[in-house]
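Residue numbering for the sequence shown is 1 to 188, as defined by full-length UniProt numbering.
The beta-carbon is built from N, C-alpha and C at its ideal position, and this holds for glycine as well.
Read the structure below first, then the notes.
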Amino acid sequence: MEPIEINAGGYYLRALRADDLLDDRPAIVEAFADAETRRWVADYRIDDLDDAGAYVQRRADEWKRGVRCSWAVSEPTTGQLLGEVDLRGLEGGLNAVQAACWTHPGHRGRGVASTALAAAVRFGFGALGLTKIGYQHQEGNHGSRRVAEKCGFKLTGESHERLGEQEVRLLHWATTLDQMPAKPLTSG
1 MEPIEINAGG YYLRALRADD LLDDRPAIVE AFADAETRRW VADYRIDDLD DAGAYVQRRA
61 DEWKRGVRCS WAVSEPTTGQ LLGEVDLRGL EGGLNAVQAA CWTHPGHRGR GVASTALAAA
121 VRFGFGALGL TKIGYQHQEG NHGSRRVAEK CGFKLTGESH ERLGEQEVRL LHWATTLDQM
181 PAKPLTSG
């Protein structure tokens, strides 16, 4: 599958890039150097431009294989990277897809994640024909909880999983097309 671009209102969703015209790698390194990002997105270590380049290439390969749709959330006039949103697990069938997102620390608290996630979820239901999309986050990640609620996800359960040396409690959410608000809530 080729990457699809999405106009998400105040933001533009596009493929991550590392080329002569647009290079997301420095912003990715900055984001993953942030303590909060490292706390909640513990499955990636991106310490330098080479790691960020491998990350961008991985996302491009996942698009090609049809296993993940991943978008750079960007400012529409400059292309500046504000975060990332994705739909993963596409190879698992219509009810196995999980949504995820992160926001660059300099752009948190502005509705970036909820606006982008809502656009990605609408794409999943409309263009991909998905019937249910899941979302999960660690207990205590209040920002992720707010994003899920704003986008119409409903809490469906919890589990305990091991991430490296630590055991964490994950909260599981899901949404269907009829649960999504027409527009994500912006307050709260």
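message: Measuring only the C-alpha atoms, how far is Leu-170 from His-137?
response: Taking the first residue of the sequence shown as 1, we reach residue 170 at position 170. Taking the first residue of the sequence shown as 1, we reach residue 137 at position 137. Cα-Cα distance, rounded: 5 Å.
task: Whole angstroms is fine: what's the gap from Glu-49's alpha carbon to Asp-34's?
output: On the sequence shown, residue 49 is found 49 positions in, with the first residue counted as 1. On the sequence shown, residue 34 is found 34 positions in, with the first residue counted as 1. The question names Glu, but residue 49 in the sequence shown is Leu. Distance from the CA atom of Leu-49 to the CA atom of Asp-34, rounded to whole angstroms, is 15 Å.
query: Should the region 114-134 be called in touch with the region 85-99, which here means at least 3 C-beta pairs below 8 Å?
result: Contact holds: three or more Cβ-Cβ distances are below 8 Å.
- prompt: Given Ser-74, which residues of its chain have a CB within under 7 Å of its CB, disregarding the five upstream and five downstream residues?
  reply: Walking along the sequence shown from the start, residue 74 turns up at place 74. Counting only residues of its own chain and dropping the five nearest sequence neighbours on each side, Ser-74 has a CB closer than 7 Å to the CB of Tyr-11, Tyr-12, Arg-14, Gln-80, Leu-81, Leu-82.
query: Rounded to a whole number of angstroms, what is the C-alpha to C-alpha distance between Gly-143 and Ile-6?
result: In the sequence shown, counting from the first residue as 1, residue 143 sits at position 143. In the sequence shown, counting from the first residue as 1, residue 6 sits at position 6. Just so you know, the alpha carbons of Gly-143 and Ile-6 end up roughly 23 Å apart.
query: Do Ala-72 and Lys-132 have their CB atoms nearer than 9 Å?
result: Working through the sequence shown from its first residue, we reach residue 72 at position 72. Working through the sequence shown from its first residue, we reach residue 132 at position 132. In this structure, Lys-132 does not lie closer than 9 Å to Ala-72 by Cβ.
message: Would the region 60-68 count as touching the region 101-117 if we require 3 or more Cβ pairs under 8 Å?
response: Contact fails: fewer than three Cβ-Cβ distances are below 8 Å.
query: With which residues is Leu-163 paired in a DSSP beta bridge?
result: Residue numbering aside, residue 163 sits at position 163 when the sequence shown is read from its first letter. Gln-166, per the DSSP bridge assignment.
- prompt: Nearest to Pro-105 by CA position, among Asp-19, Arg-17, Ile-4, Ala-27, is which residue?
  reply: Taking the sequence shown and counting its residues from 1, the one referred to as residue 105 is at position 105. Of Asp-19, Arg-17, Ile-4, Ala-27, the residue nearest in Cα terms is Ala-27.
message: Rounded to the nearest angstrom, what separates Gly-157 and Ala-148 at their Cα positions?
response: Residue numbering aside, residue 157 sits at position 157 when the sequence shown is read from its first letter. Residue numbering aside, residue 148 sits at position 148 when the sequence shown is read from its first letter. Our two residues, Gly-157 and Ala-148, have alpha carbons roughly 14 Å apart in a direct line.
query: Exposed or buried, which one is Glu-84 when buried takes at least 16 other CB atoms within 10 Å?
result: Walking along the sequence shown from the start, residue 84 turns up at place 84. Buried, since its Cβ has 16 or more Cβ neighbours within 10 Å.
query: Anyone know if the C-beta pair for Arg-58 and Asp-86 falls short of 9 Å?
result: Numbered from its first residue, the sequence shown carries residue 58 at position 58. Numbered from its first residue, the sequence shown carries residue 86 at position 86. Cβ atoms of Arg-58 and Asp-86: not closer than 9 Å.
field: Assigned secondary structure, Ala-96 (DSSP; H/G/I helix, E/B strand, else coil)
entry: Against the sequence shown, residue 96 aligns to sequence position 96. In this structure, Ala-96 counts as coil in the three-state DSSP scheme.
task: For Gly-152, count neighbouring Cβ atoms within 10 angstroms of its own Cβ and tell me buried if that reaches 16, exposed if not.
output: Taking the sequence shown and counting its residues from 1, one reaches residue 152 at position 152. Buried, because 16 or more other Cβ atoms sit within 10 Å of the Cβ of Gly-152.
task: For the beta strand (DSSP E) holding Gln-138, just list the boundary residues, first then last.
output: The count along the sequence shown starts at 1 and reaches residue 138 at position 138. Per DSSP, Gln-138 belongs to the beta strand (DSSP E) from 133-138.
query: At what residue ranges does the region 41-106 contain a whole run of the alpha helix (DSSP H), taking only runs of 4 or more?
result: Entirely contained in the region 41-106, the alpha helix (DSSP H) runs reaching 4 residues are, in chain order, 49-65.
task: Kindly indicate which three-state DSSP category Gly-157 falls into: helix, strand or coil?
output: Taking the first residue of the sequence shown as position 1, residue 157 is located at position 157. Residue state, collapsed to three classes: strand.
- prompt: In angstroms, rounded to a whole number, what distance separates the CA positions of Glu-161 and Glu-139?
  reply: Along the sequence shown, read from residue 1 onward, the residue named residue 161 stands at position 161. Along the sequence shown, read from residue 1 onward, the residue named residue 139 stands at position 139. Rounded to the nearest angstrom, the two C-alpha atoms are 11 Å apart.
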